[in-house]
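First comes the structure, then the notes that go with it.
Protein chains: 2
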Amino acid sequence: MGLYWKLQQEVVSAATIEVGEQKKGLPTYTAEDVAKHKTKDTKIWVTYKCGVYDITDYVSQHPGGSKIMMAVGGSIEPYWDLYAVHKNTEILEILETFRIGNIVPPKKTDIKDKNDPYGNEPKRNPVLIPSSLKPYNAEPPSLLLTEQFLTPKDLFFVRNHLPVPVVDMKSYRLEIGIEGKNKLKLNIDELKKNFPKMYTASVVQCAGNRRSEMTKIKAVKGLNWNNAAISNASWAGATLNDVMNKAGIDLDKCSHKHIVFEGMDKGPEGSPYGASLPIELARQLKNDILIAYEMNGTELPRDHGYPVRVIIPGVVGARQVKWLNNIYLSNEESTCHWQRKDYKGFNASVDWHNVDFEKSEAIQQLPVISSICDPAEGTELESGAEEVTVKGYAWSGGGRAILRVDISADGGKTWMTADLQPTNQSLYKTWAWTLWEATVPLPANHGGKAELTCKAVDVSYNCQPDNVEGIWNLRGVLSNAWHRVNVKIPS
Amino acid sequence: MGLYWKLQQEVVSAATIEVGEQKKGLPTYTAEDVAKHKTKDTKIWVTYKCGVYDITDYVSQHPGGSKIMMAVGGSIEPYWDLYAVHKNTEILEILETFRIGNIVPPKKTDIKDKNDPYGNEPKRNPVLIPSSLKPYNAEPPSLLLTEQFLTPKDLFFVRNHLPVPVVDMKSYRLEIGIEGKNKLKLNIDELKKNFPKMYTASVVQCAGNRRSEMTKIKAVKGLNWNNAAISNASWAGATLNDVMNKAGIDLDKCSHKHIVFEGMDKGPEGSPYGASLPIELARQLKNDILIAYEMNGTELPRDHGYPVRVIIPGVVGARQVKWLNNIYLSNEESTCHWQRKDYKGFNASVDWHNVDFEKSEAIQQLPVISSICDPAEGTELESGAEEVTVKGYAWSGGGRAILRVDISADGGKTWMTADLQPTNQSLYKTWAWTLWEATVPLPANHGGKAELTCKAVDVSYNCQPDNVEGIWNLRGVLSNAWHRVNVKIPS
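Chains as they are written, first to last, in UniProt numbering: chain A, 1 to 491; chain B, 1 to 491.
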């Protein structure tokens, strides 16, 4: 009888047991000690409150499958917050049977440094995996990423270039106009009430998503993102066209060459984060770009631009400025570092000694990409497994729908077509991602392991490059090669 | 002293020499005999009028470089028509010094079969390389393809699915409207005079361009195109939007799902060639789609759709219907074979036993592609060459400009960025191709050969797949892997 059934059936009164409390007579471990126990070879440990648990013998029987592995070497609490089914006496008591020790309580670090520009950051979901803390950048575990079409706000990957600003809503105004001229100023109520409220489900993806695969080839500069620096949400707000018209500007007729967006997040020298679009692209997208004040039906979280961000569907995240307070036409591209000296593509023979950022176009619309999220790299499949169910996302910039996702379990010798979850968007304006799933037979002579591969095709029949080597670049952006995940198949 | 200078300087009176005439006392060869002599190993033969010439010792001194190799094993006359510099007495006389024989005159085949549906085909430039004669399909030698930004009409690749129709201009009408309803009928003068004349330089590319590279991996069905089933011309005509408006139709408001184009070329059963676009794509392109009656400044040639074809920039050639006489809105995709049962993509594990054409979307906008046109495959570079100048084209569908072309002379280990010829079109409406050139150092230890490789990046940072294997498909379409050309470097 599996432990799952044990959990369901052997109901024990928990009233007398203090699960996770300090227990005398057991050894004490630090968080670092626990973090060393993540595999069967080293034993698999987790913590709950003050308790340390060795769950090695339990993982293969976890009803939620390999998702339990997200928590290994650390606390299970954030995951139990996500999956509330765990929060009952029976499960707590079973957990306590795996108790092996106590954990040293972490030192309280509530004393804030008043001079720390990162002293006013929002609270974040502890399941997020940070790639940097100041500024805060983090992605969700990829196993969680594709569970839902709309990524929950607190799991949405976070890409901050600077400290999160504290916005005073009484004085907040969104300015709209032409560089160097008087601008229209809207408070948040005017933005919400004076324009039709439009909705779109749209992906935000960091240019550096999947950078970690490039780093393996040769070092690059940038946050070491895995494959979850991408998320999909429903956004609501006014269209760019409507707010520009209110400011007396007709995008189709203006002679300016760029439209600039600026945020309230500022660098040490006081200049704001900014980005721009070529005017031609703004014209194509004028009714699709949202001056957004809602995410998944409620206001934006601070990490995602509260009170207002621009959503530019099909375009790299770096241009979708958060904490937006300024939109203006200009004859110059944004002078911001991240527009001019970053987020550009180069070939693999360009490195820091010979790079000239002026020779490349700022990344705007992104190329087709796909990724396997489940199973995760290194997953041990069920013993004797003959097939594997593979899940992931696919997406392309420029509104290009995903036509097909191909999956291989033999490293690309044979391919199956995945089932695609409909986006309910049109072929040429697909801003949301396409989640997909395929159950693929494992090769007969797998020798205990298999390489799972995925690749997608968009409506313009663009496909992904086979290998990382040919697209390697010094900033590790645009990492959209076929995605490969290795799994183990115990005999 | 090279033969070129000999040609220039040793002026001989040619009045008394009958170059290319029958000459007694020399052996007689058939065209098939001549065609066997194309390399230094077999000797290099050409013909001129009735003469057969062994030019093996001359080719390395040809002022036009390796272009002379286009003519080997056949007649030089079509090339001399292209390069009129050859048509002078001095060059004819030098040619005669290489005379080795007479050629059997080909049998006259002027007797037309009145029942042959292909009995009324236009005259074609003999330098075109046919991949089929009935219907006629042919591409120019790739060495000639990128000599000019606008491909000359008689070198523009020809893709006919059916016999070329003979059009009676007195009765010709272009019909425009809604399926099953009365339509607006325009004669050619009305089309020319009643609408603003718009111009665009735009590529037409066959979905099967570069199919021959797929055939090498595994047999596919389709014409065995090399890399020149693509050309670029300047087109002029009325916009789709203007003619639809004249017919009382507002594309943005109509509820129909497709717009169908039909030609006057008909299959044996009497149904016309046709194609359609999803209405959403027609809306995006309504001011860019031309109902074209001019090519490179004068009327369309018969092979390219005289009197009218539709030019749909950024879209596969198969939808750009020639001999156009019918445009209508429909709720159905075109029922034509080539819309529903052909020109679709599948993964490499789909073959004729398991293909379901209904499961794939008709190809419309094409993916990014590039190709090396000069040097041609197998070219022998100058002895001891330390670098090579490489030329070719790059293009992407959907109006996506080419941002970068990378060239490698060491099979992809190191890359150089090619110089791009400006298109004078905008980043998001680049319908023309981008011609490029790079001079690349050859690897030090080349061992007498080198693999030249090119790959392009478009404005959406889409790139080409590394290898043909991953994109192989049963119809051999969408063959846009990195292009590789092997050259020899004599020591």
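Every residue gets a Cβ at the ideal spot worked out from N, C-alpha and C, and that includes glycine. Here the structure is a predicted model, which means the values were calculated and not measured.
Exercise. With V104/A and T47/A assumed to form a contact (beta carbons below 8 Å), what rounded beta-carbon distance in angstroms separates them?
Worked result: Within the first sequence, numbered from 1, the residue matching residue 104/A stands at position 104. Within the first sequence, numbered from 1, the residue matching residue 47/A stands at position 47. So it is not a contact: roughly 11 Å between Cβ atoms.
Exercise. How should L133/B be labelled, buried or exposed, when 16 other C-beta atoms within 10 angstroms of its C-beta is the threshold for buried?
Worked result: Taking the first residue of the second sequence as position 1, residue 133/B is located at position 133. Its Cβ having fewer than 16 others within 10 Å, L133/B is exposed.
Problem set entry | Interface flag, Q148/A vs chain B, CB-CB below 8 Å | For this step, residue 148/A is matched to residue 148 along the first sequence. Under the 8 Å criterion on CB atoms, Q148/A is classed as non-interfacial with respect to chain B.
For this session: Report the residue from A348/A, E280/A and L452/A whose alpha carbon sits nearest the alpha carbon of K253/A.
Result: Here residue 253/A corresponds to residue number 253 of the first sequence, with the count starting at 1. For K253/A, the closest alpha carbon among the candidates A348/A, E280/A and L452/A is that of E280/A.
For this session: Return no unless some Cβ of chain B is closer than 8 Å to the Cβ of R484/A.
Result: Start at 1 with the first residue of the first sequence, and residue 484/A comes out as number 484. Nearest CB-CB separation between R484/A and chain B: not below the 8 Å threshold.
For this session: Can you check DSSP and say which residues form a bridge with T298/A?
Result: Position 298 of the first sequence, counted from the start, is the residue given in the question as residue 298/A. Its beta-bridge partners are M295/A.
For this session: In the DSSP assignment, find the alpha helix (DSSP H) that holds I279/A and state where it starts and stops.
Result: If you number the first sequence from 1, residue 279/A lands on position 279. Segment I279 to Q284, the alpha helix (DSSP H) holding I279/A.
Exercise. Is any beta-carbon of chain A found at less than 8 Å from that of S426/B?
Worked result: In the second sequence, residue 426/B corresponds to position 426, counting from 1. Interface residue, yes.
Exercise. Taking buried to mean at least 16 other C-beta atoms within 10 Å of its own C-beta, is V11/A buried or exposed?
Worked result: Position 11 of the first sequence, counted from the first residue, corresponds to residue 11/A. Residue confidence for V11/A is low, a pLDDT of 40 falling below 50, so the modelled location carries little weight; the figure read from the coordinates is stated next. The residue is exposed, with fewer than 16 neighbouring Cβ atoms inside 10 Å.
Exercise. Skipping 5 residues on each side, what residues in its chain have a beta carbon closer than 6 Å to that of N325/A?
Worked result: Translated into the one-based positions of the first sequence, residue 325/A becomes position 325. If we look at N325/A and ignore the five residues flanking it on each side, its Cβ neighbours are L174 and M264.
For this session: Kindly say whether Q8/B, judged by its beta-carbon, lies nearer than 8 Å to any beta-carbon of chain A.
Result: Here residue 8/B is taken as the residue at index 8 of the second sequence, counted from 1. No answer about Q8/B holds up, because its pLDDT of 42 lies below 50 and its placement is not dependable.
Exercise. Which bits of chain A does N467/B rub up against, with CB to CB less than 7 Å?
Worked result: As a first step, residue 467/B must be located in the second sequence, where it is residue number 467. Those within 7 Å of N467/B in chain A are D466.
Exercise. How many angstroms separate the CA atom of A236/A from the CA atom of Y293/A?
Worked result: Indexing the first sequence from 1 puts residue 236/A at position 236. Indexing the first sequence from 1 puts residue 293/A at position 293. Roughly 6 Å between the two C-alpha positions.
For this session: To the nearest angstrom, report how far apart P78/B and R124/B are at their CA atoms.
Result: Residue 78/B sits at position 78 when you count from the first residue of the second sequence. Residue 124/B sits at position 124 when you count from the first residue of the second sequence. Here the alpha carbon of P78/B sits roughly 11 Å from the alpha carbon of R124/B.
For this session: Determine the closest residue to L285/A out of M244/A, W323/A, I369/A and I100/A, with distance taken between C-alpha atoms.
Result: Stepping through the first sequence from its first residue, residue 285/A is reached at position 285. If we check each option's Cα against that of L285/A, M244/A comes out closest.
Exercise. Count the other CB atoms within 10 Å of the CB of S383/B; is the residue buried (16 or more) or exposed (fewer)?
Worked result: As a working mapping, residue 383/B is identified with position 383 in the second sequence. Its Cβ having fewer than 16 others within 10 Å, S383/B is exposed.
Exercise. Given that R363/A touches chain B, what residues does it touch there, using C-beta distances under 8 Å?
Worked result: Walking along the first sequence from the start, residue 363/A turns up at place 363. Strictly speaking, residue 363/A in this sequence is Ile, with Arg absent from that position. Residues of chain B with a Cβ closer than 8 Å to the Cβ of I363/A are, in chain order, Y461.
Exercise. Going along the chain, which residues of its own chain have a beta-carbon closer than 7 Å to the beta-carbon of L162/A, five neighbours each way excluded?
Worked result: Counting from one through the first sequence, the residue named residue 162/A turns up at place 162. Sequence-distant partners of L162/A (beyond 5 residues in either direction) whose C-beta falls short of 7 Å from its own C-beta, in its chain, are P135, D265, K266, G267 and Y273.
Problem set entry | Cβ shell of N462/A (< 8 Å), same chain only, five flanking positions each side left out | Sequence index remark: in the first sequence, residue 462/A carries index 462 (1-based). Residues P367, V368, S396 and R400 of the same chain have their beta carbon placed closer than 8 Å to that of N462/A, with the five preceding and five following residues left out of the count.
Problem set entry | Enclosing alpha helix (DSSP H) for T89/A [first to last residue] | By one-based count along the first sequence, residue 89/A stands at place 89. T89 to E96 is the extent of the alpha helix (DSSP H) around T89/A.
Exercise. DSSP state of K170/B, grouped into three classes?
Worked result: Counted from its first residue, the second sequence places residue 170/B at position 170. Under the three-state reduction of DSSP, K170/B is assigned to coil, being neither helix nor strand.
For this session: Return the residues of the region 185–202 of chain B that lie within a Cβ-Cβ distance of less than 9 Å from chain A, sorted by chain order.
Result: Here the close residues number zero.
Problem set entry | Contact list for T417/B against chain A, beta-carbon separation under 9 Å | In the second sequence, counting from the first residue as 1, residue 417/B sits at position 417. Going along chain A in sequence order, the residues near T417/B (Cβ under 9 Å) are F346, N347, S349, V350 and K359.
Problem set entry | Own chain, CB closer than 7 Å to N241/B, minus 5 neighbours either side, in chain order | Numbered from its first residue, the second sequence carries residue 241/B at position 241. Result list for N241/B: L251, K286 and N287, in chain order.
Problem set entry | In chain order, each alpha helix (DSSP H) run of at least 4 residues that lies wholly inside the region 170–239 of chain A | Listed in chain order, the complete alpha helix (DSSP H) runs (minimum 4 residues) inside the region 170–239 of chain A are 188–193 and 211–217.
For this session: With distances taken Cα to Cα, identify the nearest neighbour of T434/B among Q365/B, D419/B, P443/B and H446/B.
Result: Translated into positions along the second sequence, residue 434/B becomes position 434. Considering only alpha carbons, the answer is D419/B.
For this session: Kindly list the residues whose CB is nearer than 7 Å to the CB of I489/B, restricted to its own chain and excluding five residues on each side of it in sequence; keep chain order.
Result: Within the second sequence, numbered from 1, the residue matching residue 489/B stands at position 489. Hits under 7 Å: L381, A385, L442, H446, G448, K449 and A450.
Problem set entry | residue 498/B to P196/B span [Cα, whole Å] | The requested residue 498/B is not part of the displayed model; chain B covers only 1 to 491.
Problem set entry | Length of the line joining the Cα atoms of V477/A and N467/A | Mapped onto the first sequence, residue 477/A falls at position 477. Mapped onto the first sequence, residue 467/A falls at position 467. V477/A and N467/A: Cα-Cα distance of roughly 14 Å.
Problem set entry | DSSP state of L442/B mapped onto helix, strand, coil | Your numbering for residue 442/B matches position 442 in the second sequence. Residue state, collapsed to three classes: coil.
Exercise. Are any of the Cβ atoms in chain B nearer than 8 Å to that of L478/A?
Worked result: Residue mapping note: residue 478/A aligns to position 478 of the first sequence, counting from 1. The C-beta of L478/A comes closer than 8 Å to at least one C-beta of chain B.
For this session: Consider the Cβ of Q284/A: report whether some Cβ of chain B lies at a distance smaller than 8 Å.
Result: On the first sequence, residue 284/A is found 284 positions in, with the first residue counted as 1. At a cut-off of 8 Å between beta-carbon atoms, Q284/A makes contact with chain B.
Exercise. D33/B lies in the alpha helix (DSSP H); which residues open and close that run?
Worked result: Sequence index remark: in the second sequence, residue 33/B carries index 33 (1-based). Residues A31 to A35.
Exercise. Hey, S334/B and V220/B: beta-carbon distance below 8 Å or not?
Worked result: For the purposes of this step, residue 334/B is taken as the residue at position 334 of the second sequence. For the purposes of this step, residue 220/B is taken as the residue at position 220 of the second sequence. For S334/B and V220/B, no; Cβs fall outside 8 Å.
Problem set entry | Among R302/B, K170/B and P375/B, the one whose alpha carbon lies nearest that of P141/B | What you label residue 141/B is simply residue 141 of the second sequence in a count that begins at 1. Residue P375/B holds the alpha-carbon nearest to the alpha-carbon of P141/B among R302/B, K170/B and P375/B.
For this session: Tell me where the beta strand (DSSP E) around D458/A begins and ends.
Result: If you number the first sequence from 1, residue 458/A lands on position 458. Per DSSP, D458/A belongs to the beta strand (DSSP E) from K449 to D458.
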